[in-house]
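**Q** Residue numbers (my numbering): 2 to 401.
We treat Cβ as the ideally placed atom computed from N, Cα and C, and that holds for glycine.
Just so we're clear, the structure is a prediction, and the values are computed from it rather than from any experiment.
I'd like to ask you about the structure that follows.
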C-alpha cells in the first residue's frame, strides 16, 4: 500500500533528523541540505502527480456519465486511462449475451508493430483470453510481467475487470512494451474502471432502449403499410396509388426543405391518407359511376373517420394532418372543415397536389387517364384555387 502524505512527511522529517545528526558528527552540512532538497523535491513531485490524477478522476466521473453512446463512453475511457496509466496499447472488451469477450474500443501507440515484443492487433486479447477469464472470475486485477526483446527489460500486461454490482461488464486491457506500471498507476486504473462501469451500464441500457424503440417503430410502420395494402385490396382500382403518392410526396417535401423528423410523419400520413375509407360502404366506395349528392356527402366523411380512428393513437397523432386535411382547398372550398390558405397544414398542402396528379394520370372507373401534359396544365391552372401556388411551382420543378 502506498504511503499517505502524513506518513511521507514523518518519514522524510525523521530521515532529515537522522541526516542532521550524522552530519553534525561526520559530514558537511551542504550534503545534508542537498539530501533534504532532493527529498522535498520528490515529495512535491509526487504530490503534484497525485493531485493531477485526482483531478483527472474527478473530471472523468462527470464526463463519462454525461454520454449515453456506448462507443463514445469507451473511447473517452481509454483517453482518461492514458492520462492515469500511460500505455502503449489498451482496449476495452465487453461481455456479450453468451459470456464472450468482444473487443469494443482500442488505442494503439506502438511505433513499430513488427519489431515490438508486444503482440500486434487483436492477438493481444486472444493471447490473454485465459488471464482475462481469471480476472473476471476473481473480479481482481491481474498484472503480468514478461521479458521484453531488450535484455533486462520487461513488458507488462494489465487486466482490470469492469465490475458492476454482482456482475462483470467486461475488462480493461493495457500493455506497456517496456518498463512496468507502478502500483500507484494500477490503483488509478482501478479507480477509473470503478467509475466507468456506471457510465457503461447506463449507456448499454440506453442503447437497448433505443434499439427496442426502433424495433417498435419498425413494427408500427409495418402495421401502417399493412393497413394501406388492405384498403387497396378492397378497392382494386386504386392499387399501387398509396405507394406512388407516398414516394412522390416525400420527394416533393424534400425538395421544399422539409426536415427529417417531419418527413417521417409525412410518410406515415401519406400511407394512411385514405384510411377513413374503411368506414365507407362498398356501394359508395366501389361505385363505378359518378356519385350522387348523398353518396358524395358520405364519401366526404372519410377524412373525419380517419381523424376518429387515428387521434387516439399517440404514435400517429403527428401524422394526422394528411388523412384529415388533404381534401382542403387553398380557396377555402374544400372539406371537411373549409380551411383556407396557410390554415391548411403544410404537409396536407404538399400531399394534395401529388394526390390529384396521381389520380388523373391513371385510369379510374369514372375517367380515363389524362396525359401528363394535360395534368400539369390543370394543376398550374388550379394554383391559388385548389392548391398552394408555391407548392405547385415546386412540384412542377421536380417533374421537369
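1. Does residue 179 come out as helix, strand or coil in the three-state DSSP assignment?
2. Using only the alpha-carbon positions, how far apart do residue 292 and residue 267 sit?
3. Look at residue 349 and residue 329 and say whether their C-beta atoms are less than 8 Å apart.
4. Please identify the residue among 254, 250 and 390 whose C-alpha is closest to the C-alpha of residue 358.
5. When the Cβ atoms of the region 304–324 are set against those of the region 269–289, are three or more pairs found closer than 8 Å?
6. Let me make sure I understand the geometry here. Which of 335, 333 and 257 has the alpha-carbon closest to that of residue 399?
7. Where do the ends of the beta strand (DSSP E) carrying residue 92 lie?
8. What residue does the alpha helix (DSSP H) around residue 236 start on, and which one ends it?
9. Expressed to the nearest angstrom, what Euclidean distance is found between the alpha-carbon atoms of residue 71 and residue 173?
10. Give the C-beta separation of residue 265 and residue 285 to the nearest angstrom, bearing in mind that I take them to be a contact with Cβ-Cβ under 8 Å.
11. Within 10 angstroms of its Cβ, does residue 385 collect 16 or more other Cβ (buried), or is it exposed?
12. Contact defined as beta carbons within less than 8 Å: I believe residue 140 pairs with residue 162. What is the distance between those atoms, to the nearest angstrom?
13. Indicate whether residue 200 and residue 190 have their beta-carbon atoms separated by less than 8 Å.
14. Cα separation between residue 383 and residue 203?
15. In this structure, what does DSSP give as the bridge partners for residue 109?
16. Starting from residue 393 and walking both ways along the alpha helix (DSSP H), at which residues does that stretch end?
17. With distances taken Cα to Cα, identify the nearest neighbour of residue 387 among 370, 255, 354 and 102.
18. Check whether the Cβ atoms of residue 81 and residue 193 lie closer than 8 Å to each other.
19. Thinking C-beta only, is residue 54 closer than 8 Å to residue 64?
20. If you drop the 5 nearest sequence neighbours on each side, which residues of the same chain put their C-beta closer than 6 Å to that of residue 69?
21. Note down the Cα distance separating residue 131 from residue 74, rounded to an integer number of angstroms.
22. Could you tell me the distance, in whole angstroms, from the CA atom of residue 231 to the CA atom of residue 311?
23. Where does the unbroken alpha helix (DSSP H) through residue 309 begin, and where does it stop?
24. Where does residue 384 fall in DSSP's three states?
25. With burial defined as no fewer than 16 other Cβ atoms inside 10 Å of the residue's Cβ, what is the status of residue 307: buried or exposed?
26. Please work out which residues of its chain come closer than 8 Å, Cβ to Cβ, to residue 233, disregarding the five sequence neighbours upstream and downstream, and give them in chain order.
27. Count the other CB atoms, across all protein chains shown, that sit within 10 Å of the CB of residue 309; report buried if there are 16 or more and exposed otherwise.
**A** On the basis of the supplied data:
1. coil
2. Looking at the backbone, the Cα of residue 292 and that of residue 267 are separated by about 30 Å.
3. yes
4. 250
5. yes
6. 257
7. 90–96
8. Element bounds for residue 236: n/a, residue is neither H nor E.
9. Going from the Cα of residue 71 to the Cα of residue 173 covers about 15 Å.
10. About 33 Å separates the two Cβ atoms, so there is no contact after all.
11. exposed
12. 5 Å
13. no
14. 56 Å
15. 90
16. Here the alpha helix (DSSP H) through residue 393 covers 390–400.
17. 354
18. Contact flag set, yes.
19. no
20. Cβ contact annotation for residue 69 (same chain, cutoff 6 Å, sequence separation greater than five): 204 and 207, in chain order.
21. 26 Å
22. 16 Å
23. 303–311
24. strand
25. buried
26. For residue 233, where only same-chain residues beyond five positions count, the Cβ hits under 8 Å are 239, 240, 241, 242 and 243.
27. Around the beta carbon of residue 309, fewer than 16 other beta carbons lie within 10 angstroms, which makes this residue exposed.
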